[in-house]
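2 protein chains.
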Amino acid sequence: MHLSNTKRKILRTSLELFNQSGTKVISTNHIAEACSMSPGNLYYHYKNKEHIILALLEKMIAKWDKLDESEEPLTLIEQSERTFSCVWEYRFLHRELVVLFHADNAFASLCSSTLKRRLQEVLGVLEGMEQQGFLKPADATSKDFLSHTLLFMALFWMPYLEVTGQVDSEENIKHGAHMMMQLVSPYMSEGNHV
Amino acid sequence: MHLSNTKRKILRTSLELFNQSGTKVISTNHIAEACSMSPGNLYYHYKNKEHIILALLEKMIAKWDKLDESEEPLTLIEQSERTFSCVWEYRFLHRELVVLFHADNAFASLCSSTLKRRLQEVLGVLEGMEQQGFLKPADATSKDFLSHTLLFMALFWMPYLEVTGQVDSEENIKHGAHMMMQLVSPYMSEGNHV
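Each protein sequence line maps, in turn, to chains A and B.
Under our numbering, think of the first position of the first sequence as 13, with each following residue one higher.
Under our numbering, think of the first position of the second sequence as 13, with each following residue one higher.
Rendered as structure tokens:
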């Protein structure tokens, strides 16, 4: 994604405001004001709030795609922690995921197709761990359960912490990585329990 | 909760409309119209949309509290299926949970205190299963993990199915009960695997 400086500024400001107050409260006028530009100038770059939200979803997906880029191979817990950092950075998207999904067809379509891809990626990581002997040989039902539940945790653990009134902060969210390890633990080979 | 017939009608109609279209789209005028009453009459019973949403949350909590009422003791899968039926009945509350939580302090407060209680109830069920020998003796970390993850699944499995583009229906949601069984399975005593 190649974005102009102005577009980057609009997205950075919108992300901050949406994370603070949610997309229902924040209008394009609020965003224009916080960017010190006229509503007309903002409109030239993004036609409406839905376009800004969709562009932020695309940015998050692009970031998530690069999470496993590293000189050294990452452990599962390092990958999980990076995932939760990304969730925290784009936390309004996770708080409002289902509402945004039902409100905008373009958002829903990109969301569904990306999550189908993520599920295959998680399954690939599990199969890699199985081949390397970290996981005990597992049947299709177990791998299906683990991959869905890992993706489920990545998407909704942050919202869960919020509605159960647990303190939310980036450090706190990363505790989700430990929940993922606990989930996988019974399926690890002897000597590889986390 | 003792409600007048009119209040019951308002809540039943609101639930149907919120489940169909979400709380953002549905106004008190829509609800009044669907109830064949004037906005003034609706206002006499509920001051605003937030009061209606809060009353629906209270109704769901009251229903959930009675889920384990049964002549015969319920199995864990029966309890889970009843939970998911209740989630499906009040699905707008689960779709919009985090957004409603951040929008209204009274909602947030009732939500947090109820979920703290639910967590203790789930822990109680697990400890009962341990005492009866269905679960292997488990350490505090495992029971903490299992109780949080079971509650987490109850709350967010339905939203997860929606955003991953899987068909959603009451039957489909009940598949969540099988995910719960899979989760608990490695912790069951020999011969009690599900």
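Every residue gets a Cβ at the ideal spot worked out from N, C-alpha and C, and that includes glycine.
Quantities reported herein were computed from a predicted structural model and do not represent experimental measurements.
For the pair M193 (chain B) and K148 (chain B), the CB atoms are not nearer than the 8 Å cut-off.
Burial check for G145 (chain B): the Cβ neighbour count within 10 Å stays below 16, so the residue is exposed. Rounded to the nearest angstrom, the Cβ distance from G34 (chain B) to H63 (chain A) is 20 Å, too far for a contact under 8 Å.
Boundaries of the alpha helix (DSSP H) harbouring D156 (chain B): 152-175, taken from the DSSP string.
Here L27 (chain A) is actually not in contact with I43 (chain A); their C-beta atoms are around 10 Å apart, not less than 8 Å. In this structure L54 (chain B) is not in contact with I89 (chain B), their Cβ atoms being roughly 41 Å apart against a cut-off of 8 Å. CA-CA distance, R130 (chain B) to L163 (chain B), rounds to 8 Å. Per DSSP, the unbroken alpha helix (DSSP H) holding Y56 (chain A) starts and ends at 51-57. Per DSSP, reduced to three states, the secondary structure at L147 (chain A) is strand. Chain B places no beta carbon closer than 8 Å to that of M72 (chain A), leaving this residue out of the contacts.
Within the DSSP secondary-structure output, M200 (chain A) pairs in a beta bridge with A:L147.
The region 66-76 of chain A makes no contact with the region 66-81 of chain B: fewer than 3 CB pairs, one atom from each, lie closer than 8 Å. Counting every other CB atom within 10 Å of its CB across the protein chains shown gives Y102 (chain B) a total of 16 or more, marking it as buried.
E70 (chain B) carries a helical assignment under DSSP once its states are collapsed to helix, strand and coil.
H187 (chain B) counts as exposed, since fewer than 16 other C-beta atoms from the protein chains shown sit within 10 angstroms of its C-beta.
In the DSSP assignment, Q91 (chain B) falls within the unbroken alpha helix (DSSP H) covering 88-101.
Each residue's CA atom was taken as its position, placing A166 (chain B) and M191 (chain B) some 10 Å apart. DSSP places S125 (chain A) within a helical segment (H, G or I) once states are collapsed to three.
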